[in-house]
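Residue numbers (my numbering), protein chains in the order written: chain A, 1 to 192; chain B, 1001 to 1294.
Below is the structure:
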């Protein structure tokens, strides 16, 4: 990711709109008894396309803003999302995210990691909390819904951050899909 | 391939951000309600309030549609339950009216001052829910009424039916309400008509099932009994609810064989996940504090 003032503004706006749309919009729209959680998906998308540093920074900023806006324990969400963004970014750096369906497993994994991480941090911070089995149902529903919407969310995020990416994964795919040029019919296979 | 410099920078960024998060958590837990992070939290919340209100209004039609769809599916079942409940309430009403008349007569006989009941004498401020916490652990909502409307920290908040929570943070135009389903919440409650006292605690992830702890084994608690606030709370923030706010009804009583207390499950009267409007009882927290000081 190319670090310019434009990049910072672009990512800052993405952080603000993601968190605000999540807490003021999507949280009030129940689907199949659960809700879509946009935050881990957007963090995962930025990490996958932008790398581990961008992912960690995006996770930290999203978590911090979420904690500040909703009045949660400041630092809890940012801690989890920083780790989620970093490791999603490392996955993208090591595996070259050229596969068009990669957002589905990555979206599912980031959501699962975020949900499990939040639960662990919350259990560590609370003294004698009683956890209902329905909390796990909520987690599975969120995971399911996030997996369903992962593709469009990742595509939208890629579109937003594409101008500041050093390499666009879609371009790599297009290049790879180009037909192999060859010589006249009689010389095919000789690499002319 | 990355060189060592890139790897070092990458790890340094991760380390700094994780350390910063842990540092923020430590400071947040260490400071009181007026500390720098809490103040900054209030400020940020106030700054984003107009944007949240706008988004909330934009999403309102979609939210209404999904709620309406869900309501249709539940309507038939709910109608049946409500009819049964109306019958029960009519019987209870007749009993209560008689009891109330008797109580008033007895009070006048012994010359006791008439105690202020729930909501009487308090100013009720109606507010709309503009944002909610996305995790099941933090059951906070933000409402569009703040200190400008007369809302104070620790003011009780009620939704349709019963107690919803209390105000834990206030800025000029909005307030953060910590619901009774938040893992940090603990409300002192009284079971009616038995009069046993206990502590209502949430089960994280299930807003329709709360636990009423510390009820003696000998107490006669029945399914359907009402649970109301008994006048004080015990939580991280010491605050006071007025006595008599309905919380929920008893759904299950399971005496533990090993412990000396019963495990009572209650269902809150207020639908905390789907509420769009709440009422804040202002002024009561200050009065209660003054009484405690005296």
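Quick reminder that beta carbons are idealized off the backbone N, C-alpha and C, glycines included.
Predicted, not measured: the structure shown is a model, and the values here were computed from it.
Taking Cβ positions only, does residue i come closer than 8 Å to chain A?
i, result
"residue 1183 of chain B", "yes"
"residue 1135 of chain B", "yes"
"residue 1093 of chain B", "no"
"residue 1115 of chain B", "With a pLDDT of only 42 at residue 1115 of chain B, under the threshold of 50, the placement of this residue in the model should not be trusted; the figure read from the coordinates follows. So, not an interface residue."
"residue 1096 of chain B", "no"
"residue 1078 of chain B", "no"
"residue 1295 of chain B", "Nothing in the structure corresponds to residue 1295 of chain B, since chain B is present only between 1001 and 1294."
"residue 1206 of chain B", "yes"
"residue 1022 of chain B", "yes"
"residue 1238 of chain B", "For residue 1238 of chain B, the predicted model reports a pLDDT of 45, less than 50, meaning its position is unreliable and no value from the coordinates is stated."
"residue 1282 of chain B", "no"
"residue 1267 of chain B", "no"
"residue 1070 of chain B", "yes"
"residue 1235 of chain B", "The predicted position of residue 1235 of chain B is uncertain, since its pLDDT is 47 and thus under 50; a value taken from the coordinates is nonetheless stated next. With 8 Å as the cut-off, residue 1235 of chain B does not count as an interface residue toward chain A."
"residue 1251 of chain B", "no"
Within 8 Å (strictly less), CB to CB, does residue i reach chain B?
i, result
"residue 154 of chain A", "no"
"residue 118 of chain A", "yes"
"residue 76 of chain A", "yes"
"residue 49 of chain A", "no"
"residue 143 of chain A", "no"
"residue 86 of chain A", "yes"
"residue 20 of chain A", "yes"
"residue 29 of chain A", "yes"
"residue 166 of chain A", "no"
"residue 10 of chain A", "no"
"residue 71 of chain A", "yes"
"residue 135 of chain A", "yes"
"residue 112 of chain A", "no"
"residue 108 of chain A", "no"
"residue 192 of chain A", "Only weak support exists for where residue 192 of chain A lies, its pLDDT of 49 falling under 50; the coordinates are left without a value."
"residue 2 of chain A", "no"
Report the CB separation of residue i from residue j in whole angstroms; it is logged as a contact under 8 Å.
i, j, result
"residue 113 of chain A", "residue 47 of chain A", "Not really, about 11 Å apart at Cβ, beyond 8 Å."
"residue 64 of chain A", "residue 42 of chain A", "Not quite, the Cβ-Cβ distance comes to about 14 Å (not below 8 Å), so this is no contact."
"residue 1261 of chain B", "residue 1217 of chain B", "7 Å"
"residue 52 of chain A", "residue 90 of chain A", "5 Å"
"residue 1153 of chain B", "residue 1169 of chain B", "7 Å"
"residue 1167 of chain B", "residue 1280 of chain B", "7 Å"
Of all the options the options, which has the alpha carbon lying nearest to the alpha carbon of residue i?
i, options, result
"residue 199 of chain A", "A:106, A:124, A:95", "Not covered by the structure: residue 199 of chain A. The range shown for chain A is 1 to 192."
"residue 1186 of chain B", "B:1167, B:1213, B:1193, B:1195", "B:1213"
"residue 1277 of chain B", "B:1022, B:1128, B:1076", "B:1128"
"residue 1225 of chain B", "B:1190, B:1262, B:1165, B:1204", "B:1190"
"residue 73 of chain A", "B:1031, B:1283, B:1009, B:1252", "B:1031"
"residue 62 of chain A", "B:1063, B:1017, B:1072", "B:1017"
"residue 1198 of chain B", "B:1220, B:1230, B:1171, B:1160", "B:1230"
"residue 1157 of chain B", "B:1085, B:1275, B:1027, B:1015", "B:1275"
"residue 153 of chain A", "A:132, A:2, A:44, A:99", "A:44"
"residue 23 of chain A", "B:1067, B:1125, B:1135", "B:1135"
"residue 40 of chain A", "A:119, A:133, A:110, A:138", "A:110"
"residue 151 of chain A", "A:86, A:93, A:99, A:2", "A:99"
"residue 1251 of chain B", "B:1272, B:1223, B:1271", "B:1223"
"residue 135 of chain A", "B:1183, B:1193, B:1049", "B:1183"
"residue 1048 of chain B", "B:1271, B:1171, B:1192", "B:1171"
"residue 37 of chain A", "A:140, A:75, A:6, A:126", "A:140"
"residue 1149 of chain B", "B:1087, B:1160, B:1126, B:1165", "B:1126"
"residue 126 of chain A", "A:28, A:17, A:76", "A:76"
Count the other CB atoms, across all protein chains shown, that sit within 10 Å of the CB of residue i; report buried if there are 16 or more and exposed otherwise.
i, result
"residue 1151 of chain B", "buried"
"residue 1162 of chain B", "buried"
"residue 1132 of chain B", "buried"
"residue 166 of chain A", "exposed"
"residue 1227 of chain B", "buried"
"residue 1233 of chain B", "Annotation note: pLDDT 49 at residue 1233 of chain B (below 50); position unreliable, coordinate value reported separately. It is buried - the Cβ of residue 1233 of chain B has at least 16 other Cβ atoms within 10 Å."
"residue 1201 of chain B", "buried"
"residue 1052 of chain B", "buried"
"residue 96 of chain A", "exposed"
"residue 1014 of chain B", "buried"
"residue 101 of chain A", "exposed"
"residue 1011 of chain B", "exposed"
"residue 1247 of chain B", "buried"
"residue 1009 of chain B", "exposed"
"residue 3 of chain A", "exposed"
"residue 1089 of chain B", "exposed"
"residue 1078 of chain B", "exposed"
"residue 1238 of chain B", "With a pLDDT of 45 at residue 1238 of chain B, under the threshold of 50, the modelled position of that residue is not reliable, and the figure given next carries that caveat. Label assigned to residue 1238 of chain B: exposed."
Quick one: list the residues of chain C neighbouring residue i, beta-carbon separation under 9 Å, in chain order.
i, result
"residue 140 of chain A", "Of the chains in the structure shown, none is chain C; the protein chains are A and B."
Next item on the list: Take every Cβ of the segment 61-79 of chain A, pair it with every Cβ of the segment 1030-1048 of chain B, and state whether three or more of those distances are shorter than 8 Å.
Entry: With the cut-off at 8 Å, the segment 61-79 of chain A and the segment 1030-1048 of chain B touch.
Check: Counting pairs of Cβ atoms below 8 Å between the segment 1087-1098 of chain B and the segment 51-60 of chain A, do you hit three or more?
Finding: Output reads no: the segment 51-60 of chain A does not touch the segment 1087-1098 of chain B.
Checklist line | the segment 1175-1185 of chain B in contact with the segment 1134-1146 of chain B per 3-pair CB rule at 8 Å | finding: Taking 8 Å as the limit for Cβ pairs, the verdict is that the segment 1134-1146 of chain B does touch the segment 1175-1185 of chain B.
Checklist line | Three-pair Cβ contact test at 8 Å for the segment 137-147 of chain A versus the segment 20-34 of chain A | finding: Taking 8 Å as the limit for Cβ pairs, the verdict is that the segment 20-34 of chain A does touch the segment 137-147 of chain A.
Next item on the list: Evaluate contact between the segment 1266-1273 of chain B and the segment 1204-1211 of chain B, counting only Cβ atoms and requiring at least three cross-stretch pairs below 8 Å.
Entry: Contact holds between the segment 1266-1273 of chain B and the segment 1204-1211 of chain B, because three or more Cβ pairs, one in each stretch, are under 8 Å apart.
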